[in-house]
Structure formats: structure tokens, C-alpha cells
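Under the numbering used here, the very last position in the sequence shown is 122; numbers go up by exactly one each time. Built from N, CA and C at the ideal position, the CB exists for glycine as well. Since the structure is predicted, the reported quantities are computational estimates derived from the model, not experimental observations. Below is one structure, written out as C-alpha cells, with a few remarks after it.
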Amino acid sequence: MFRGVETSPLLTAEEVERISLPGKQVELVRGRLVVREPPGTWHGAIAAKLAYYLGDFVYRDELGLVFAQDTGFKIAADPDTVRAPDVAFVARERAGLVRARGYAALAPDLLAEILSPDDAPA
1 MFRGVETSPL LTAEEVERIS LPGKQVELVR GRLVVREPPG TWHGAIAAKL
51 AYYLGDFVYR DELGLVFAQD TGFKIAADPD TVRAPDVAFV ARERAGLVRA
101 RGYAALAPDL LAEILSPDDA PA
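Take a look at the structure:
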């Protein structure tokens with residue numbers, strides 16, 4: 001007897017917004033949920049320092065918006081992909097595309113990922 005490959009249904013960005021996994025980080029890659037442990041303390045310290053320096057530069061000259069760790073951006077659709085870089089920048093010209101709720105449907109103009117020893121590609 002032939003058995004088909006079991007697959008879970010693809011999720012949308014809107015469905016991921018409603019998922020609550022306390023203490024976990026979630027992203028959506030081509031409709032598939034990726035769950036990770038939070039990064040270590042040193043990772044957070046480096047990301048905070050980078051966000052501080054970038055934010056100082058960006059806000060001083062009103063260049064756009066800076067986002068900290070865990071801010072989701074919907075960078076693809078059908079199937080959806082939502083990524084959350086450690087630090088991100090969206091230029092003033094596109095800042096109006098950022099919504100008060102939900103994921104902004106855009107890729108940041110600049111993003112930074114802090115690599116930790118335990119990081120693996122998603």
C-alpha cells in the first residue's frame with residue numbers, strides 16, 4: 001500500500017501573530033513555523049549596543065526607523081515568510097508602510113544578525 005507524505009498545513013503571517021509560545025522566538029519560513037530558544041545574554045548585549053549606535057545616527061538626522069530584536073517583517077507571501085532580525089532599519093521614505101499592528105509587509109533597508117556559536121540556518 002502506498003502512503004503519501006504527511007505534511008502540516010502552511011501557516012500565514014496572520015496566524016503566526018496569534019501564536020503565543022512564552023519564552024520562545026518564532027519566525028515563519030515559506031509557511032513553516034520555526035521555533036527557537038531565546039539567544040544568550042552576550043548576544044543581547046551586542047544587539048542592544050548596535051541598536052543604540054544605529055538609532056542615535058538614524059534619529060539624530062531623521063533618516064527613518066530602527067527596530068530591535070524580535071520585530072517581525074513579512075518579507076514574502078504565498079507562502080508567507082516572516083523574519084525577525086536582531087536590528088533593522090527602514091528608511092524614512094518607506095516608514096509609512098510600517099503599521100501600528102501586525103508585521104510590516106516589507107524587507108528592512110538594513111538588517112543585522114548577531115551570530116552566536118549555536119546558530120544554525122533556518
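- [ ] Could you tell me whether the segment 94–101 touches the segment 34–42, where touching means 3 or more Cβ pairs closer than 8 Å?
- [x] Too few Cβ pairs lie closer than 8 Å, so no.
Task: A107 and L50 closer than 7 Å at C-beta - done: Taking a C-beta distance under 7 Å as the contact criterion, A107 and L50 do not qualify as a contact pair.
TODO: Rounded to whole angstroms, what's the CA-CA distance from A105 to W42? Just pull it up for me.
DONE: So the two alpha carbons sit approximately 30 Å from each other.
TODO: Report the residue ranges of all alpha helix (DSSP H) runs contained in full by the segment 7–68; include only those spanning at least 4 residues, in chain order.
DONE: The qualifying runs are 13–17, 41–60.
- [ ] Classify P22 as buried or exposed, calling it buried when 16 or more other Cβ atoms lie within 10 Å of its own Cβ.
- [x] Under the 10 Å beta carbon count, P22 is surrounded by fewer than 16 other beta carbons and is classified as exposed.
Task: Contacts around V58, its chain only, beta-carbon distance under 8 Å, and the 5 residues preceding and following it disregarded - done: Once the five neighbours on either side are set aside, the close Cβ partners of V58 are G64, L65, V66, F89.
Open item on the list: Mapping the DSSP letters down to three states, classify L115 as helix, strand or coil.
Closed with: Coil.
TODO: Following the continuous beta strand (DSSP E) through V123, name the residue where it begins and the one where it ends.
DONE: Since the displayed the chain opens at 1 and closes at 122, residue 123 lies outside it and no answer follows.
Task: Reference P115, options R94, E15, E17, V87, closest by Cα - done: According to the sequence shown, residue 115 is Leu rather than Pro. Looking at the Cα atoms, V87 is the closest of the given residues.
Task: Given R92 as reference, the closest of E62, K24, V16 once Cα atoms are compared - done: Comparing Cα positions, the closest option is E62.
Open item on the list: Measuring only the C-alpha atoms, how far is T12 from E27?
Closed with: Rounded to whole angstroms, the separation of the alpha carbons of E27 and T12 is 11 Å.
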